[in-house]
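Report on the following structure.
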DNA sequence: CAAAATACTCAAAACGTTTTGAGTAGCAAA
DNA sequence: TTTGCTACTCAAAACGTTTTGAGTATTTTG
């Protein structure tokens, strides 16, 4: 493991010059830079990150804390995020330190990890409304990026899709197809995104003068979709269309519709929001699922870059991204059935 | 953030003495130590890990690379390990750097992470037979601990259960109950533990003079258990007992047995190996499942400690632990049905 | 009482990098 | 010639810790 000193000794140059040559400073001559570079390559030089960090005060590591739920429902999305994130961070010389939160107190794990004093910042995912982790980190001046949006006017970096628009787009499509009774099988309301979906649903329905009471909010499970859809379908004046929070829920809803002897999309239209998780793919549904689509994987690189840019000094207001999900119409939605 | 220098200045002591006082060196007087400790507490001193690491040459971080399978079957066990591991490492001032392996080459991710030069060692899980990661790390002299056993005579730290004994114990129990036709619904043979289970099964059966051909090796899924059990049960001279690699498989097997109109344990006995994962608990089966039990969570603390001890100089041969799983007999196993 | 041992303390070096402030040489402008 | 650039290079300080080797009182031993 060669050091700057060794390279300097080899070439009769000072450590300073070697350091500058390798870091592309303008005040070193091209001839010298070439020599240094060559020697560095020959000796297999790689900077000692620890030493770099001691002097720069940066650690090159960011933290993420996974909250573990008893139903493990977060598994799939977490894996998806983790995969993309480590790859994206790695491309910018940053590593991910992971901890698992088993506590009731959502802050405690962050405190513990911060005590180590080795993290430059955090990636926060799955926010709840007015997320306490946000308040905690903001108060302490710890940089972070939030995946999603936990409050209307954040003053920190965020990245996510517009979940009220997801609902609005879905309602719009279905109402244009003539649907009047539209059900929403939503995720748990503790999650900020589920709140936004619900809010978007209610206002869009209200604008159209439609009744928005066929709503269920629960964990994203196939069984949740099945049970709630079955229940809604058995009530008087049942929905002719369902908007599902996830493809997993949609698969339960579709099963319920069929168990009731109904057909998709002739009797009931089904659509969902699609995070593009590898296990339940919208395209593999029969008929293929109409979705608002925003691959979770696509969020990883921006999340990593936003955090690192923020660490490098880009102000938060330039790092707040809200995207719109794509609307992809497939076979699972169709015109509302004729009223009898 | 107080430093040693600041504490020294406060008390009129040298950095050396402050450092020694806090680290419990014997050559500092008790009076001084008390003063220093008090000042450190007052100023909220916490050692700068980066500085410590620069001088000690240790980074205080260990790596783990998750291999991502298309079927995501590793999810649950991975989460279990992750949770316990981060907690155990944290207790010894060590952090976990995680990477996700999406490559075909099992080594590439390790190479990449090692290039960073910030890791003290690795935790390897889910070994295959003669695991290439082991060869790679061993060759480079990178410390690691293997969860499980990938070859007969390892010269590196390992921790795991005796999987041949798991099969042997299971076979013994069932044969004592009079079973002669015993099926094994195993995991994928690419995994070292599945190999050991199979080997243990074959030799135990051979010793008893029993036929060991009712064996299926595939991914640990409920559907695998269901399909394979159904198939074995439909053949002439079907098994009267099943040994399942996991409780997930066992649930599939139990469903198959019932779909065939048979009863557990009167017609067919079922037992499984139980990693004690929170989602499929052996005790919640109806009847409760007889198991060889070795909670995955229990492995985390030893794994963390073994690796850190090894980093601190304990030789590998003192860090090779093979445990026996516990045999817990419950209602899902019973005497073999009378021959007709 | 001198010599030796003990108990405690410290200055300085080291880890490998970045950054500061200074310096030298060569050359053009005054 | 002097002054002031430009282009390049370097020694030294800094980051915060651990560790080495030496030193100074104080106490014990002969």
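Chains as they are written, first to last, in the numbering used here: chain A, 4 to 343; chain B, 4 to 343. Where is the CB? At the ideal position from N, CA and C, for every residue including glycine.
Buried or exposed (CB count within 10 angstroms, at least 16 for buried), residue 125 (chain A): Taking the first residue of the first chain as 1, we reach residue 125 (chain A) at position 122. Flag for residue 125 (chain A) reads buried.
8 angstroms Cβ cutoff, residue 158 (chain B) in contact with chain A: Here the question's residue 158 (chain B) lines up with position 155 in the second chain. Not one chain A Cβ lies under 8 angstroms of residue 158 (chain B).
Status (buried if at least 16 other CB within 10 Å, exposed otherwise) for residue 28 (chain B): Locating residue 28 (chain B) in the second chain gives position 25, where the first residue counts as 1. It is exposed - the Cβ of residue 28 (chain B) has fewer than 16 other Cβ atoms within 10 Å.
Which listed residue (A:107, A:19 and A:235) has its alpha carbon closest to that of residue 244 (chain A): Numbered from its first residue, the first chain carries residue 244 (chain A) at position 241. Considering only alpha carbons, the answer is A:235.
Residue-level contact to chain A via CB, residue 101 (chain B), 8 angstroms cutoff: As a position in the second chain, residue 101 (chain B) is number 98, starting the count at 1. Closer than 8 angstroms: yes.
Cutoff 8 angstroms: residue 62 (chain B) Cβ touching any chain A Cβ: As a first step, residue 62 (chain B) must be located in the second chain, where it is residue number 59. Cβ-Cβ to chain A under 8 angstroms: yes for residue 62 (chain B).
Exposure of residue 111 (chain B), with buried meaning 16 or more beta-carbon neighbours within 10 Å: Here residue 111 (chain B) refers to the residue found at position 108 of the second chain. It is exposed - the Cβ of residue 111 (chain B) has fewer than 16 other Cβ atoms within 10 Å.
Residue 102 (chain B), buried or exposed, once every other Cβ within 10 Å from all chains shown has been counted against 16: Taking the first residue of the second chain as 1, we reach residue 102 (chain B) at position 99. With 16 or more other Cβ atoms within 10 Å, it is buried.
CA-to-CA distance, residue 130 (chain B) to residue 132 (chain A), given in whole angstroms: Sequence index remark: in the first chain, residue 132 (chain A) carries index 129 (1-based). Sequence index remark: in the second chain, residue 130 (chain B) carries index 127 (1-based). Residue 132 (chain A) and residue 130 (chain B): Cα-Cα distance of roughly 42 angstroms.
Coarse secondary structure for residue 333 (chain B), derived from DSSP in three states: For the purposes of this step, residue 333 (chain B) is taken as the residue at position 330 of the second chain. It is coil, neither helix nor strand.
Close Cβ partners of residue 48 (chain B) (< 7 angstroms) along its chain, the five nearest in sequence each way excluded: As a position in the second chain, residue 48 (chain B) is number 45, starting the count at 1. Cβ within range, chain order: 5 and 10.
Within-8 angstroms CB hit, residue 38 (chain B) to chain A: Position 35 of the second chain holds residue 38 (chain B). Answer no: the Cβ-Cβ gap between residue 38 (chain B) and chain A never drops below 8 angstroms.
Local conformation of residue 228 (chain A) per DSSP, three classes: For this step, residue 228 (chain A) is matched to residue 225 along the first chain. Three-state result, residue 228 (chain A): helix.
Other residues of its chain near residue 35 (chain B): CB distance less than 8 angstroms, five sequence neighbours each side excluded: Residue numbering aside, residue 35 (chain B) sits at position 32 when the second chain is read from its first letter. 16, 20 and 24.
Rounded straight-line distance, which links the Cα of residue 185 (chain A) to that of residue 240 (chain A): As a working mapping, residue 240 (chain A) is identified with position 237 in the first chain. As a working mapping, residue 185 (chain A) is identified with position 182 in the first chain. For residue 240 (chain A) and residue 185 (chain A), the distance between alpha carbons rounds to 11 angstroms.
Boundaries of the beta strand (DSSP E) in which residue 216 (chain A) is found, first to last residue: Residue 216 (chain A) sits at position 213 when you count from the first residue of the first chain. Counting along the chain, residue 216 (chain A) falls outside any beta strand (DSSP E), and DSSP gives it neither H nor E.
Boundaries (first-last residue) of the alpha helix (DSSP H) holding residue 173 (chain A): Mapped onto the first chain, residue 173 (chain A) falls at position 170. Residues 166–179.
Interface partners of residue 300 (chain B) on chain A, CB under 8 angstroms: Counting from one through the second chain, the residue named residue 300 (chain B) turns up at place 297. Those within 8 angstroms of residue 300 (chain B) in chain A number zero; the least Cβ separation is about 11 angstroms.
Residue 11 (chain B) at chain A interface by Cβ criterion, 8 angstroms: Sequence index remark: in the second chain, residue 11 (chain B) carries index 8 (1-based). No - not a single Cβ of chain A is within 8 angstroms of the one on residue 11 (chain B).
Interfacial residues, the segment 277–290 of chain B to chain A, with Cβ spacing under 8 angstroms: 281 and 282
C-beta contact flag for residue 178 (chain B) and residue 203 (chain B) at 8 angstroms: Against the second chain, residue 178 (chain B) aligns to sequence position 175. Against the second chain, residue 203 (chain B) aligns to sequence position 200. Not closer than 8 angstroms, so no.
Residues near residue 22 (chain A) by beta carbon distance below 7 angstroms, same chain, minus five either side: If you number the first chain from 1, residue 22 (chain A) lands on position 19. If we look at residue 22 (chain A) and ignore the five residues flanking it on each side, its Cβ neighbours are 7.
Interface residues of chain A facing residue 71 (chain B) [CB-CB closer than 8 angstroms]: To locate residue 71 (chain B), count along the second chain from 1; it is residue 68. By Cβ distance, chain A contributes 82 and 86.
Short Cβ contact (8 angstroms threshold) for residue 113 (chain B) with residue 137 (chain B): Along the second chain, read from residue 1 onward, the residue named residue 113 (chain B) stands at position 110. Along the second chain, read from residue 1 onward, the residue named residue 137 (chain B) stands at position 134. No, the Cβ-Cβ distance between residue 113 (chain B) and residue 137 (chain B) is not below 8 angstroms.
8 angstroms contact criterion, which residue 248 (chain A) and residue 276 (chain A) should meet: CB distance rounded: As a first step, residue 248 (chain A) is located in the first chain; it is residue number 245 there, counting from the start. As a first step, residue 276 (chain A) is located in the first chain; it is residue number 273 there, counting from the start. The pair is a contact, with the Cβ atoms about 6 angstroms apart (cut-off 8 angstroms).
C-alpha gap between residue 152 (chain A) and residue 166 (chain A), whole angstroms: Residue numbering aside, residue 152 (chain A) sits at position 149 when the first chain is read from its first letter. Residue numbering aside, residue 166 (chain A) sits at position 163 when the first chain is read from its first letter. Roughly 9 angstroms between the two C-alpha positions.
Residue 96 (chain B) to residue 147 (chain A) span [Cα, whole Å]: Position 93 of the second chain, counting from 1, holds the residue named residue 96 (chain B). Position 144 of the first chain, counting from 1, holds the residue named residue 147 (chain A). Going by the C-alpha atoms only, they are around 23 angstroms apart.
Residue 273 (chain A) at chain B interface by Cβ criterion, 8 angstroms: For the purposes of this step, residue 273 (chain A) is taken as the residue at position 270 of the first chain. No - not a single Cβ of chain B is within 8 angstroms of the one on residue 273 (chain A).
Extent of the continuous alpha helix (DSSP H) to which residue 308 (chain B) belongs: As a position in the second chain, residue 308 (chain B) is number 305, starting the count at 1. Taken as a continuous stretch (DSSP letters only), the alpha helix (DSSP H) holding residue 308 (chain B) covers 299–314.
Close-in-space but distant-in-sequence residues of the same chain around residue 164 (chain B) (CB under 6 angstroms, 5 per side omitted): The residue given as residue 164 (chain B) occupies position 161 in the second chain. Here the set comprises 297, 326 and 328.
Extent of the continuous alpha helix (DSSP H) to which residue 124 (chain B) belongs: By 1-based counting over the second chain, the position of residue 124 (chain B) is 121. No alpha helix (DSSP H) contains residue 124 (chain B), which is instead part of the beta strand (DSSP E) from 124–127.
Three-state secondary structure assigned by DSSP to residue 95 (chain B): The residue labelled residue 95 (chain B) in the question sits at position 92 within the second chain. Three-state DSSP puts residue 95 (chain B) in coil, outside helix and strand.
Exposure label - residue 128 (chain B); buried when at least 16 CB within 10 Å: Start at 1 with the first residue of the second chain, and residue 128 (chain B) comes out as number 125. Buried, by the Cβ-count rule.
Residue 63 (chain A) beta carbon less than 8 angstroms from that of residue 98 (chain A): Residue 98 (chain A) sits at position 95 when you count from the first residue of the first chain. Residue 63 (chain A) sits at position 60 when you count from the first residue of the first chain. Contact flag set, yes.
is_contact[residue 172 (chain A), chain B] using C-beta, thresh 8 angstroms: By one-based count along the first chain, residue 172 (chain A) stands at place 169. Not one chain B Cβ lies under 8 angstroms of residue 172 (chain A).
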